[in-house]
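Residue numbers (this note's numbering), protein chains in the order written: chain G, 1 to 115; chain E, 116 to 228. A virtual CB, placed ideally from N, CA and C, is assigned to each residue, including glycine. On a predicted model such as this, the values are computed, not experimentally measured, just so you know.
Quick look at the structure:
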């Protein structure tokens, strides 16, 4: 079974600085998709960024970017110019292409942003 | 904007009660999901439905059942609630395909006394 591990239960960052959240996964598949989801306090979870495993280029979405290391099975999220609104739970998730609808989530990292 | 709504934000029930959690989405998505969220464990899939009247077990289906009679509505049923089912329950929906984004509801925090 696939597993997704987020080794940092909590992280903090100063406003305007950069922070990196870690995620590793275990799989024997070669074709899969990786996601970062954000869950703000008392608000709905939303997709931040996604990566297709067959693409070597790292995905970016404005201030959010990933460092995808396929051989190391690592998928970290970098948040640049952190803002107070970035404070949230962040979940890394994995979906193998042949697994249909089965999305596997990590345990989450709580990010605090200090003003 | 996709909207996924859940019938209650907070729910308190007693052990042994039958509990219904309702989820409705307005984007005509074929796929719908029920997750359970616990601290440190992330989200774990209970059941998903890939179309009306179709369902498959997820990772932790024991003690739960589901119903999908209409495309927009997916219900989670706790046949006989137990204290270890106290948790946050999240519903999600999406178009079919592993690359597609899942859209989440606000969650129901269920407490079983």
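Contacts between residue 44 of chain G and chain E, judged by CB atoms closer than 7 Å, involve 219, 220 and 221 in chain order. The residue from G:24, G:10 and G:51 with its alpha-carbon nearest to that of residue 213 of chain E is G:51. Here the stretch 139-148 of chain E makes no contact with the stretch 195-203 of chain E; the two share fewer than three CB pairs at distances below 8 Å. Residue state for residue 141 of chain E is assigned as coil, using DSSP reduced to three classes. Around residue 216 of chain E, the beta-carbon contacts reaching into chain G at under 7 Å are 47. Contact note: residue 85 of chain G does not reach chain E at a C-beta cutoff of 7 Å; the least C-beta distance is about 18 Å. Per the DSSP secondary-structure output, residue 157 of chain E pairs in a beta bridge with E:153.
Contact check for residue 81 of chain G against residue 18 of chain G passes: the beta carbons are separated by less than 9 Å. Put simply, the stretch 72-91 of chain G touches the stretch 32-42 of chain G. At least three CB pairs are less than 8 Å apart. Taking every protein chain shown into account, the CB of residue 120 of chain E has fewer than 16 other CB atoms within 10 angstroms, so this residue is exposed. In the displayed model, residue 26 of chain G falls within a strand according to three-state DSSP. Going by C-alpha positions, residue 103 of chain G is about 8 Å away from residue 96 of chain G. With respect to chain G, the C-beta atom of residue 207 of chain E has a partner C-beta closer than 9 Å.
The Cβ atoms of residue 224 of chain E and residue 105 of chain G lie no closer than 9 Å to each other.
About 7 Å separates the Cβ atoms of residue 111 of chain G and residue 13 of chain G, confirming a contact at the 8 Å cut-off.
Within 9 Å of the CB of residue 160 of chain E, the CB atoms of chain G belong to 101, 102, 103, 104 and 105, in sequence order along the chain. Residue pairing by DSSP places residue 11 of chain G opposite G:111 in a beta bridge.
About 7 Å separates the beta carbon of residue 136 of chain E from that of residue 190 of chain E, a gap short enough to meet the 8 Å contact definition. Membership of residue 78 of chain G in the beta strand (DSSP E) is indicated by the continuous run 74-79.
The Cβ atoms of residue 109 of chain G and residue 15 of chain G do not sit closer than 9 Å to each other.
The distance from the Cβ of residue 77 of chain G to that of residue 20 of chain G is about 7 Å, consistent with a contact at the 8 Å cut-off. For residue 123 of chain E, no beta strand (DSSP E) run applies, since DSSP gives it neither H nor E.
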